[in-house]
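K.L.:
Just dropping this structure here.
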Amino acid sequence: MIPRLEWDSDDAAHCLRSGLPCVLLNCPLSTTERWTFEHLSSVIVQDFRCDVYCSRNNQRRFRYWDESKNINGYNFTPPTTKTTMTFQEWLSYHQTSHSSDSTEMRYLQQGVVAEMGPQMLDEYKRFSLEAARRFQNIGGWDSFTSNLLLCGAEGAITPVHFDEQENIFAQLSGVKRVRLFPPEAWGRLYPYPLGHPSDRQAQVTLPVVPGSTRLDDEAQREMFPAFESNDDPAIMEMHVDLVPGECLYVPQYWWHQMEAVTDNTSLAWWYLHGQKKPANPSGDKDDLSSIDKRSVSLIAIRRNMERLIGDMVGGGQEAHRFFLALAGGSVPIPPEELGGPNLGVTYLPRYHRFGERNSEGESFPVLALDVAAAASVRASPQWPGVAEQAIKFVSMVIEVRACVSCRRRRHS
Ligand code: OGA
Ligand code: FE
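Residue numbers for the sequence shown, in the numbering used here: 88 to 499.
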């Protein structure tokens, strides 16, 4: 359950410190103005060009991609096209596309910048920057980085992904449904690998019905069995419908899918997580916050592992081949060899294996946590030394995970 809490309450502060999502009610990062499409169109200058994503093939899904991240050289077809247009052009398309049977949907996603004009800036200044600082202090976060303005038509979907920043997500007009999974749901959601243009995005397409554990697409059911086989209540979906005046705290590494229930405007407030210790007046060292911090470091370790191993084998296509081999292995090894607790071996069926394809005919291994796979690569002369390193990383991850789950048990 995602709690709904007064934005400046102690309970909300507890969530921010602990890295747990919550809805912040009456939050002054959302309430100053109702930024409807029409209103924004009247305050953003007419010659400012906004970033707009256009859907393809009558799709409503806007999966994020960035071709410059394709360091592993994956064969990639962009799921959307990117363009720029004035806000007014975007709005007039939006208004006419309702009444025609146009198949292209356009999603405006623009960082808030001074070039949008003095009127827009005046309105922006009415948000309480004091509140923005309060969240930063309580969460112990580093610098505030940016605001992203999102204007989307009813039905638009930003598919499930995670971000590497803390996000206070303000709902300004219309209704947005947010579907959340904790970072530990990694194994259920099959992220694209680092070095792929859709890094941080899940390969799994969430069922239309929130909370369902059965995938809608037959082919996906076969490719991503771990999504359905989950029986761990700790990695189940939560969801919430946000209305104007509400903000959602979306912690770094939490999976989220955003769905436009109606035409709507949102404004993301992003911060670097940083290394600062959050202010914790209770002084309780063994509360939920330390547990959550560990599962977050688990994701950070995984991503570093992908980067380091990719570098070791020389990056590019070679990294791709190595990761495919790693995820493709199937020889179980005894847990003693890992020098760690007997966990992780059970991970084998959770990961995307060599030769499987997603709905776009692409295949991506989910990396490196597969102990058995690591063993089979170690036996290969192609990448001498690298697999040992991989196994070291894997046992490190297993230790962190063991720690997370035994602390969870103590708390439940
Ligand atoms: C975010 C995000 C997408 C959307 O704010 O992190 O993913 O459609 N937003 O609002
Ligand atoms: Fe996001």
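Here a beta-carbon is modelled for each residue, glycine too, at the ideal position from N, C-alpha and C.
Keep in mind that this is a model prediction, so the values were computed, not measured.
1) Tell me whether Asp138 counts as near ligand 2, meaning its Cβ is closer than 7 Å to at least one heavy atom of that ligand.
2) Taking buried to mean at least 16 other C-beta atoms within 10 Å of its own C-beta, is Met88 buried or exposed?
3) So, at 8 Å on beta carbons, what are the nonlocal neighbours of Gly370 in its own chain, with the 5 sequence-adjacent residues on each side left out?
4) Apart from the five residues on each side of it in sequence, which residues of its chain come closer than 7 Å, Cβ to Cβ, to Arg147?
5) Can you find a heavy atom of ligand 1 that lies under 7 Å from the Cβ of Thr245?
6) Return the residue from the list Asp153, Arg390, Asp134, Leu335 that minimises the CA-CA distance to Asn254.
7) Quick one: measure Cβ to Cβ for Cys114 and Ala218, integer angstroms, because I've assumed they're closer than 8 Å.
8) Under the rule that 16 or more other beta-carbon atoms within 10 Å means buried, what is Pro166, buried or exposed?
9) Which residue's Cα is closest to the Cα of Gln307: Asn317, Pro320, Val291?
10) Could you pull out every residue in the same chain whose Cβ sits closer than 8 Å to the Cβ of Lys372, ignoring the five residues on either side in sequence?
11) Is any non-hydrogen atom of ligand 1 found closer than 7 Å to the C-beta of Glu256, if you look at the structure I gave you?
12) Using only alpha-carbon positions, find the residue among Gln339, Val337, Leu276 that is nearest to Ala313.
13) Return helix, strand or coil for Cys102, following the three-state DSSP convention.
14) Counting only runs that start and end within the region 335 to 361, where is the beta strand (DSSP E) found for 3 or more residues in a row?
15) Reducing DSSP to helix, strand and coil, say where His326 ends up.
16) Please determine if the region 309 to 329 and the region 217 to 234 are in contact, where contact requires at least 3 C-beta pairs separated by less than 8 Å.
17) DSSP state of Asn224, grouped into three classes?
18) Quick one: complete alpha helix (DSSP H) runs, 4+ long, within the region 102 to 140?
19) Under 7 Å: does the beta carbon of His101 sit that close to some heavy atom of ligand 2?
20) Determine whether the beta carbon atoms of Gln258 and Val337 lie at a separation below 8 Å.
21) Inspect the beta-carbon positions of Leu267 and Pro108 and report whether they are closer than 8 Å.
22) Give me the DSSP bridge partner(s) of Ala313.
23) Tell me whether His248 counts as near ligand 2, meaning its Cβ is closer than 7 Å to at least one heavy atom of that ligand.
24) Rounded to whole angstroms, how far is the Cβ of Ala355 from the Cβ of Phe256, which I believe are closer than 8 Å?
25) Tell me the start and end of each unbroken beta strand (DSSP E) in the region 203 to 253 that is at least 3 residues and wholly inside, in chain order.
26) If I follow the unbroken alpha helix (DSSP H) through Gly282, where does it start and stop?
27) With a Cβ-Cβ cutoff of 8 Å, do Val265 and His343 count as a contact?
28) I need the straight-line Cα distance from Glu443 to Glu305, nearest angstrom please.
29) Rounded to a whole number of angstroms, what is the C-alpha to C-alpha distance between Asn144 and Thr168?
30) Can you have a look at Thr352 and say buried or exposed, based on whether 16 or more other CB atoms are within 10 angstroms of its CB?
31) To which residues of the same chain is Leu195 closer than 6 Å at the C-beta, ignoring the five residues directly before and after it?
32) With respect to 7 Å, is the separation between the Cβ of His360 and the closest non-hydrogen atom of ligand 2 below this value?
33) Closest by CA to Met172, which one among Asp134, Val262, Glu346?
34) Hey, would you say the C-beta of Glu237 is under 7 Å away from at least one heavy atom of ligand 1?
35) Is Ala272 a contact residue of ligand 1, with contact defined as CB to any heavy atom under 7 Å?
P.N.:
In this structure, then:
1) Because no heavy atom of ligand 2 lies under 7 Å away, the Cβ of Asp138 does not count as near it: no.
2) Counting other Cβ atoms within 10 Å of its Cβ, Met88 stays below 16 and is therefore classed as exposed.
3) The pLDDT assigned to Gly370 is 48, lower than 50, so where the model puts this residue is not dependable; a value taken from the coordinates is nonetheless given after this. Closer than 8 Å at the Cβ level, and outside the excluded window around Gly370, lies no residue.
4) Met192, Gly242, Ala243, Ile244
5) yes
6) Leu335
7) The pair is a contact, with the Cβ atoms about 7 Å apart (cut-off 8 Å).
8) buried
9) Val291
10) With a pLDDT of only 44 at Lys372, under the threshold of 50, the placement of this residue in the model should not be trusted; the figure read from the coordinates follows. Excluding sequence neighbours, Lys372 sits near nothing in its chain.
11) The question names Glu, but residue 256 is Phe in the sequence shown. The answer is yes for Phe256.
12) Leu276
13) helix
14) 342 to 347, 351 to 358
15) Looking at His326 - three-state DSSP - the assignment turns out to be strand.
16) no
17) It is helical.
18) 124 to 130
19) no
20) no
21) Taking 8 Å as the cut-off, the Cβ atoms of Leu267 and Pro108 count as close.
22) Per DSSP, none; premise fails for Ala313.
23) The answer is yes for His248.
24) 5 Å
25) 231 to 239, 244 to 248
26) Where Gly282 is concerned, there is no enclosing alpha helix (DSSP H), given that its DSSP letter is neither H nor E.
27) With respect to the 8 Å criterion, Val265 and His343 are classified as neighbours on the basis of their beta carbons.
28) Bear in mind that a pLDDT of 36 at Glu443, under 50, signals an unreliable position, so the model cannot answer this.
29) 11 Å
30) buried
31) Correct list, in chain order: Cys137, Val139, Trp177, Cys238.
32) no
33) Asp134
34) Reading off the sequence shown, one finds Leu at residue 237, where the question assumed Glu. Yes, ligand 1 has a heavy atom inside 7 Å of this Cβ.
35) Answer for Ala272: no, Cβ out of range of ligand 1.
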